[in-house]
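Notes to accompany the following structure.
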Ligand SMILES: Cc1ncc(COP(=O)(O)O)c(C=O)c1O
């Protein structure tokens with residue numbers, strides 16, 4: 001089979017059983033390996049869907065510029081789509097992101113603006129505000145806004161959900177997924193719960209993010225917001241793509257547990273993944289132990305991206321020691 005472009009190779013990622021990290025568990029734990037997408041992350045799925053929908057709605061014209069605030073992975077997906085379809089890209093990101101991610105975006109021809117992490121989202125210097133301002137200043141530009149653009153969660157309703165349902169022959173009992181924009185968890189969960197309302201959906205959040213408290217109390221608390229190093233999950237806002245009606249439980253994972261589990265996935269399972277993958281797997285294993293999940297349970301955990309983007313951090317002993325993780 002010949003694909004018309006690399007865009008057609010997005011999705012249909014493998015579902016793989018964990019073997020060694022799950023030795024003391026009865027439940028079967030499987031992972032969906034999203035780094036095998038062309039842009040090496042789950043975000044390729046939403047990139048093509050957001051641009052398809054924008055083209056169909058006439059929001060982006062040939063030769064236009066795509067502008068987005070991104071921690072890197074959505075940018076990578078958008079840059080691939082832009083390269084194939086002839087758009088320009090300008091991305092804003094934060095100074096906590098790996099240089100690997102920024103360099104990758106530049107390699108695909110994008111312009112990247114680095115903004116400070118520790119400012120309020122509505123501060124004019126924040127990466128949200130800068131992306132918004134640029135989209136107003138640059139003519140013939142389109143700002144997909146992955147946080148509030150519902151094409152994000154639709155992409156997962158249309159692709160990730162059906163793939164998981166088919167790959168497990170409908171036997172999935174638990175779906176575990178990190179919450180960043182909330183697109184992956186909400187879209188996938190909606191599909192799975194339509195097929196079987198008993199599927200339990202567990203969101204994984206970072207210590208220092210607002211989600212767990214918001215899920216449990218319905219209140220947005222600024223007191224929860226603290227700096228953390230796990231990239232891609234947790235927020236200091238509630239994006240439009242998160243719908244807690246589809247989420248049954250939220251577990252919070254700290255950096256140390258997330259990042260040491262990331263290394264264990266590489267060493268003991270051959271899965272060379274990013275830090276939010278370690279968080280999701282740590283959260284899944286803790287949940288399985290706490291709820292005493294038995295042999296009849298089949299968990300699916302999303303692994304959003306690749307370890308190549310974190311060689312100077314998670315896979316660097318010195319960085320791990322400096323941060324007290326090993
Ligand atoms: C590495 C990584 N993990 C997890 C996520 C979370 O996925 P979502 O935004 O669909 O909630 C993201 C999204 O930015 C990510 O980049």
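Numbering (my numbering), first residue to last: 1 to 326. Every residue, glycine too, gets a C-beta built ideally from N, C-alpha and C.
Between the segment 211-218 and the segment 265-274 there are fewer than three C-beta pairs closer than 8 Å, too few to call the two in contact. Excluding its 5 nearest sequence neighbours in each direction, residue 326 has C-beta neighbours in its own chain below 8 Å: 260, 317 and 320, listed in chain order. Distance from the CA of residue 294 to the CA of residue 168, rounded to the nearest whole angstrom, comes to 17 Å.
For residue 193, the three-state secondary structure derived from DSSP is helix.
With a cut-off of 8 Å on Cβ pairs, the segment 52-62 is not in contact with the segment 282-290, counting fewer than three such pairs.
For residue 246 against residue 275, the beta-carbon gap comes to about 24 Å, at or over 8 Å, which does not count as contact. When only Cα atoms are considered, residue 88 and residue 28 end up about 44 Å apart. Relative to the Cα of residue 170, the nearest Cα in the group 256, 98 and 297 belongs to 297. When the Cα atoms are used, residue 163 and residue 99 turn out to be separated by approximately 32 Å. Here DSSP, grouped into helix, strand and coil, assigns residue 277 to helix. Pairing residue 80 with residue 204, the inter-Cα distance amounts to about 28 Å.
In this structure, residue 304 has its CB closer than 7 Å to one or more heavy atoms of ligand 1. The beta carbon of residue 252 is closer than 6 Å to those of 205, 207 and 212 in its chain, skipping five residues each way along the sequence. Taking C-beta atoms as the reference points, residue 182 and residue 145 fail to come closer than 8 Å. Only residues of its own chain outside the window of five on either side were considered, and among them 41, 43 and 305 have a CB closer than 6 Å to the CB of residue 73, listed in chain order. By a beta-carbon distance limit of 8 Å, residue 160 does not contact residue 186. Their separation comes to about 11 Å.
Residue state for residue 113 is assigned as strand, using DSSP reduced to three classes. Around the C-beta of residue 106, fewer than 16 other C-beta atoms lie within 10 Å, and the residue is accordingly described as exposed. DSSP places residue 206 within a strand segment (E or B) once states are collapsed to three. In the three-state scheme derived from DSSP, where H, G and I count as helix and E and B as strand, residue 184 is classed as helix.
A direct Cα-to-Cα measurement between residue 120 and residue 231 gives close to 18 Å. Short note on residue 278: C-beta not closer than 7 Å to any heavy atom of ligand 1. Positions of the alpha helix (DSSP H) runs, each at least 4 residues long and wholly inside the segment 16-67, are given as 44-56 in order along the chain. Sequence-distant Cβ neighbours of residue 61 in its own chain, meaning closer than 8 Å and more than five residues away, are 140. Counting every other CB atom within 10 Å of its CB across the protein chains shown gives residue 299 a total of 16 or more, marking it as buried. Bridge partners of residue 298 according to DSSP: 28.
Under DSSP, residue 3 forms no beta bridge with any residue. For residue 198, the closest of 154, 122, 172 and 20 by C-alpha to C-alpha distance is 172.
Here DSSP, grouped into helix, strand and coil, assigns residue 69 to strand. Between residue 279 and residue 178, the C-beta gap is smaller than 8 Å, which places the two residues in contact. Nearest in C-alpha terms to residue 93, of all of 76, 86 and 82, is 76. The residues 195, in chain order, have a CB closer than 6 Å to that of residue 165 in the same chain once the five nearest residues on each side in sequence are set aside.
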